[in-house]
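Peer 1: Per this note's numbering, the first sequence starts with residue 19, numbered consecutively.
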Amino acid sequence: MLWICKLLRISPPMFLRGFVSGTAVSTVVYAVLYASINRKAIDTASVQSNFEDINKLEQGQEILKYGFPDRGPELMYYTNHVLAYDRAKRTPVWVAEHLTAETLKGYASRKNEKFLPDPRIPEMFSAQNSDYQGSGWSRGHMSPAGNHKISKEAMKDSFFLSNIVPQNYENNAGFWNRLEMYCRDLTKNFQSVRIISGPLVMPYEEEGKKFIKYQIIGNSEVAVPTHLYKIIVAERKSQPVALGVFIIPNEPLDFSHHLTKYQITLPQLESRTGINFVPKLDLSKTVNLCDVHSCQLIEKGKFELYFIGRKLESANTLSRLEHVWKELEEKKLKPDKDLIDLYEKRHKEILMEEKRK
DNA sequence: CGGGGATCTACC
DNA sequence: GGTAGATCCCCG
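The structure is reproduced here in structure tokens:
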């Protein structure tokens with residue numbers, strides 16, 4: 019490998035970086051590397067073609083005398099997720115994570131975290147909190163905070179803006195939130211759930227012509243996606259791998275919309291994004307996730323009961339507690355025993371605290 | 001669970 | 001006098 023590096027006038031780490039960059043140059047480099055390792059095994063024809071490649075390489079080095087155009091690292095690794103970053107859009111390209119019943123356990127809380135610019139991304143390519151503030155768009159996790167309760171480090175990493183895209187408020191708190199809950203719920207039925215999520219800009223048609231248009235927000239001009247995608251790869255013993263791919267509009271979606279409505283094939287998404295998301299997965303050996311699992315998001319009543327419970331837990335005053343409790347009447351929801359117990363428990367706790375004062 | 005904003009304080 | 005961080009409040 020060293021002689022190749024010498025030829026390229028680069029250091030070995032640089033070589034490896036170029037090697038994974040997926041450019042035409044690296045393909046040529048790979049051919050040369052392959053030849054160097056298997057020198058004795060190759061025939062005359064391939065040797066000649068490799069000499070041609072070397073000539074191209076040398077010419078390429080002269081063309082690129084002042085260095086390879088650098089799009090930054092292909093992959094960025096964090097405590098509990100991996101992503102590819104788009105320096106032009108100031109958002110991730112994709113964010114990958116691996117959920118199991120075990121990794122979803124823990125008590126790290128989002129309430130202790132703040133959104134922060136990712137220190138690993140040069141400032142000129144990074145989003146800032148100020149870009150989002152007052153933009154009309156919320157900061158939407160691609161790998162959600164709720165998947166990072168396992169440790170404070172994992173939770174903190176998920177709040178870097180490298181994991182965030184501008185997302186419609188209602189979508190983020192509603193449909194997308196329910197989709198994330200569904201993904202976590204899958205770990206009850208599958209040993210392993212792998213997810214890749216990211217932003218997408220879909221074309222629209224006008225006067226018979228197709229266009230792609232997206233808003234940019236803040237001084238950093240962060241790209242607002244028209245859609246978000248989610249790829250779900252779920253495994254369980256002795257069964258084919260289950261695959262589900264979805265493209266969700268970045269807009270309010272109420273409970274009348276079903277998840278299956280947004281399902282597409284993996285090649286459709288790969289064609290649009292230019293990314294082979296799971297190149298080692300044999301699609302012919304997979305089954306449709308929605309054929310082997312419900313693909314039903316949590317229903318309205320259960321969903322509202324769930325976050326009323328969360329609000330009861332975080333209520334600090336009796337008036338706040340009563341106010342949250344009244345939501346049940348307004349929304350004609352019937353609390354189960356656990357919720358009633360929670361209410362009474364919080365009621366006692368708040369009374370005790372007020373007595374102390 | 002998913003996200004906000006207002007206010008106060010410390011500080012330069 | 002303006003800003004950063006903490007605290008408490010709020011919403012779907």
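In this text, a Cβ means the ideal position worked out from N, Cα and C, and glycines have one as well.
No experiment lies behind these values; they were computed from the predicted model shown.
Please list, in chain order, all residues of the same chain as V190 whose beta carbon is under 7 angstroms from its beta carbon, the five residues on each side excluded.
Peer 2: In the sequence under discussion, the amino acid at residue 190 is Asn, which differs from the Val named in the question. Excluding residues within five positions, the ones whose Cβ falls inside 7 angstroms are S156 and G158.
Peer 1: In chain order, what residues of the same chain lie with their CB nearer than 6 angstroms to the CB of E171, ignoring the 5 residues before and after it?
Peer 2: T97, listed in sequence order.
Peer 1: Which residue or residues does DSSP assign as beta-bridge partners of M94?
Peer 2: In the DSSP output, where bridge partners are listed per residue, M94 has L101.
Peer 1: Look at I293 and Y280 and say whether their C-beta atoms are less than 8 angstroms apart.
Peer 2: No, these two residues do not count as a Cβ contact at 8 angstroms.
Peer 1: Confirm, please, whether the CB-CB distance from V296 to V342 is below 8 angstroms.
Peer 2: For V342 and V296, no; Cβs fall outside 8 angstroms.
Peer 1: Which full runs of the beta strand (DSSP E) of 3+ residues lie inside the segment 260-319, going along the chain?
Peer 2: If we require 3 residues or more, the beta strand (DSSP E) runs fully inside the segment 260-319 come out as 304-306.
Peer 1: In whole angstroms, what is the alpha-carbon distance linking L179 and I282?
Peer 2: Roughly 28 angstroms between the two C-alpha positions.
Peer 1: For C308, I'd like the list of residues in its chain whose CB is within less than 7 angstroms of its CB, leaving aside the five on either flank, ordered along the chain.
Peer 2: Excluding residues within five positions, the ones whose Cβ falls inside 7 angstroms are G262, T278 and Q281.
Peer 1: For K170, which three-state DSSP category applies?
Peer 2: Note: K170 maps to helix in three-state DSSP.
Peer 1: Label L301 either buried or exposed according to how many other C-beta atoms from any shown protein chain fall within 10 Å of its C-beta, with 16 as the threshold for buried.
Peer 2: Exposed.
Peer 1: In terms of residue numbering, what span does the alpha helix (DSSP H) encompassing K248 cover?
Peer 2: Premise fails: K248 lies in the beta strand (DSSP E), H245 to E253, not in any alpha helix (DSSP H).
Peer 1: Going straight from the alpha carbon of Y103 to that of I81, what length do you get?
Peer 2: For Y103 and I81, the distance between alpha carbons rounds to 27 angstroms.
Peer 1: List the whole-angstrom C-beta distance separating W112 from I214, where the pair is believed to meet the contact cut-off of C-beta under 8 angstroms.
Peer 2: Contact holds; Cβ gap of about 5 angstroms.
Peer 1: Apart from the five residues just before and just after A258, which ones in its own chain have a Cβ nearer than 7 angstroms to its Cβ?
Peer 2: Checking the sequence shown, residue 258 turns out to be Pro, not Ala. Counting only Cβ-Cβ distances below 7 angstroms, and skipping sequence neighbours, we find K303, T304 and V305.
Peer 1: Of the residues P87, H116 and R89, which one's Cα is nearest the Cα of V100?
Peer 2: That would be H116, whose Cα lies nearest to the Cα of V100.
Peer 1: If we count Cβ pairs, one from each stretch, closer than 8 angstroms, do we get three or more for the segment 220-235 versus the segment 123-131?
Peer 2: Cβ pair count under 8 angstroms is below three, so no.
Peer 1: Going straight from the alpha carbon of E372 to that of Y361, what length do you get?
Peer 2: Straight-line Cα distance between these residues: approximately 17 angstroms.
Peer 1: Within its chain, find whatever has a CB closer than 8 angstroms to the CB of N237; leave out the 5 residues flanking it on each side and keep chain order.
Peer 2: Contacts found: Q146, S148 and D149.
Peer 1: Using the C-alpha atoms, what's the distance from E340 back to D354?
Peer 2: Straight-line Cα distance between these residues: approximately 17 angstroms.
Peer 1: Pull up the distance between the alpha-carbon of K350 and that of V242, whole angstroms please.
Peer 2: In a straight line, the C-alpha of K350 is about 36 angstroms away from that of V242.
Peer 1: Quick one: using the 10 Å Cβ neighbour count with 16 as the cut-off for buried, is N186 buried or exposed?
Peer 2: By the 10 Å Cβ count, N186 comes out buried.
Peer 1: Taking Cβ positions, are P110 and M160 nearer each other than 8 angstroms?
Peer 2: Contact: yes.
Peer 1: CA-CA distance, P217 and E347?
Peer 2: Taking the straight line from one Cα to the other gives about 38 angstroms.
Peer 1: Under a three-way DSSP split, which group does A241 fall into?
Peer 2: DSSP places A241 in strand when its eight states are reduced to three.
Peer 1: Would you report the Cα separation of T244 and K83, rounded to the nearest angstrom?
Peer 2: If you take the alpha carbons of T244 and K83, they lie about 39 angstroms apart.
Peer 1: Who are the Cβ neighbours of T291 in its own chain at under 6 angstroms, not counting the five residues just before and after it?
Peer 2: Here the set comprises nothing.
Peer 1: Should F377 and R196 be called a contact, given that it needs their Cβ atoms to be closer than 8 angstroms?
Peer 2: What the structure shows of the chain is the stretch from 19 to 375, and residue 377 is not part of that stretch, so it cannot be assessed.
Peer 1: What residue does the beta strand (DSSP E) around L197 start on, and which one ends it?
Peer 2: Premise fails: L197 lies in the alpha helix (DSSP H), F193 to L204, not in any beta strand (DSSP E).
Peer 1: Would you mind working out which of P140, T121 and A119 sits nearest P91, comparing C-alpha positions?
Peer 2: Of P140, T121 and A119, the residue nearest in Cα terms is P140.
Peer 1: By alpha-carbon positions, which one of D71, H311, P270 and H365 ends up nearest to K206?
Peer 2: Closest option to K206, Cα to Cα, is H311.
Peer 1: Can you tell me where the beta strand (DSSP E) holding I213 begins and where it ends?
Peer 2: Here the beta strand (DSSP E) through I213 covers S210 to L218.
Peer 1: Between which two residues does the alpha helix (DSSP H) carrying S156 extend?
Peer 2: Unbroken run through S156 is the beta strand (DSSP E), S156 to H159; no alpha helix (DSSP H).
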